[in-house]
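Chemist: The structure follows.
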């Protein structure tokens, strides 16, 4: 494969669509047919032309099969192709960096933000119906009632889609290390992909998340997140919907009112609030939610997206600062966490299940981690190590150390003295 640092003369100009905040989406394809989307920052220095992926790739794996656990009703996807994933490659073989003469990585061109279909997906590429380049599944679920039906030995095709979201072409970092402008581009990408994936046949919920740190099981150092489009409503969301039915349709409104009046608020803006929840399970656990009801990223207003970018960056940098010291060599990689953006299902619960972040970390000290053992892992019976109020105090202290940024001036950060 020949290679030049810039797109060669005559390189194609992918179809471009202007999104919010001046972000431009450009659509391309990888060598094996997977969709690749470039999301260009406003005022990007990148040319409109993009290199063609000229690699010789093996055909995409067959869509996995999922089996129903009759004891819980959960569906388990058996995605054996994931066994071949790259694990902690050297920096010069980063598969998420732009291609180079010595690194036949995934994105063929330089980029600001890139989103592409996972090479080893847990769900898809087949869908309930043939759509674009996605084939029709052999045995898709026949709706929500079929997914809930009883019976031993039940299987269905693991339809859906799994995408990788590269926050930056840089080889190290995370969402929290990006600029406010770049964070805003990623949020626009999340909203765009949520809308597109929700429209695919057989997709019933879209999940945006970032895994950060080897302690979480991350296999690549590159700053990136993922998006899963599931063929069912996830167990956690089913539990949430049951809680809403029990507590009332205004549950999230009540939670925000309750937390706003309490001692666990970390950051507040006009549109968003971040807090340690009353019954936090993890040593570090933060929830963030919009003040009005919003089912998913696609439904956020421009003002809500604009405020989220600096607020979320400040929160992540505060989480990183909790245990950082000059002598803490082991902490050089930052705080491990799972940043899970819960969104309402595609078909149900959209008037009551609100978009919100649940960020959790197992770090309970500078050199200590919480491990899920017998009670939590086997029985789902949690025992907290740190009182949520104490965790909130520590997080506020860490947030107070974050250097101010003009983009944060409009945000009202609560201090520990309030």
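Numbering (my numbering), first residue to last: 115 to 532. Here a beta-carbon is modelled for each residue, glycine too, at the ideal position from N, C-alpha and C. It should be emphasised that the depicted structure is a prediction, and the values quoted were computed from it without experimental measurement.
1) Quick one: what's got a C-beta closer than 6 Å to residue 249's C-beta in the same chain, skipping five residues either side?
2) What's the gap between the Cα of residue 347 and the Cα of residue 214?
3) Going by C-alpha distance, which of 405, 270, 424 is nearest residue 260?
4) Can you name the residues that DSSP bridges to residue 402?
5) Can you tell me which of the three DSSP states residue 289 falls into?
6) For residue 190, is the classification buried or exposed, using 16 other Cβ atoms within 10 angstroms of its Cβ as the cut-off for buried?
7) Would you say residue 312 and residue 410 are within 9 Å of each other, going by their C-beta atoms?
8) My output table needs one value for residue 180: the three-state DSSP class, helix, strand or coil.
9) Run the CB neighbour count on residue 276, radius 10 Å, all protein chains shown included, and call it buried at 16 or more, exposed below.
10) According to DSSP, is residue 147 part of a helix, a strand, or is it coil?
11) Could you tell me which of 129, 138, 223, 212 sits nearest to residue 166, measuring between CA atoms?
12) Just checking, does the segment 415-425 make contact with the segment 489-501 on the three C-beta pairs under 8 Å criterion?
13) Here's the rule: buried if 16 or more other CB atoms are within 10 angstroms of the residue's CB, otherwise exposed. What is residue 350?
14) Would you kindly work out how many angstroms separate the C-alpha atoms of residue 494 and residue 316, rounded to a whole number?
15) Go ahead and label residue 319 buried or exposed: buried means 16 or more other beta carbons lie within 10 angstroms of its beta carbon, across all protein chains shown.
16) On the three-state DSSP scale, how would you describe residue 465?
17) Relative to the alpha-carbon of residue 340, which residue among 305, 278, 388 has its alpha-carbon at the smallest distance?
18) Would you kindly report the start and end of the unbroken beta strand (DSSP E) that includes residue 131?
19) Hey, is the segment 474-489 in contact with the segment 361-377, meaning 3+ C-beta pairs nearer than 8 Å?
20) Looking only at C-alpha atoms, which of 207, 160, 233, 204 sits nearest to residue 195?
21) Expressed to the nearest angstrom, what Euclidean distance is found between the alpha-carbon atoms of residue 398 and residue 325?
22) Can you find at least 3 beta carbon pairs, one from the segment 204-211 and one from the segment 146-165, that sit closer than 8 Å?
23) With C-beta atoms as the reference, is residue 281 less than 9 Å away from residue 294?
Modeler: The structure says:
1) 240
2) 40 Å
3) 270
4) 388, 471
5) helix
6) exposed
7) yes
8) strand
9) buried
10) coil
11) 223
12) no
13) exposed
14) 30 Å
15) buried
16) coil
17) 278
18) 129-132
19) no
20) 233
21) 15 Å
22) no
23) no
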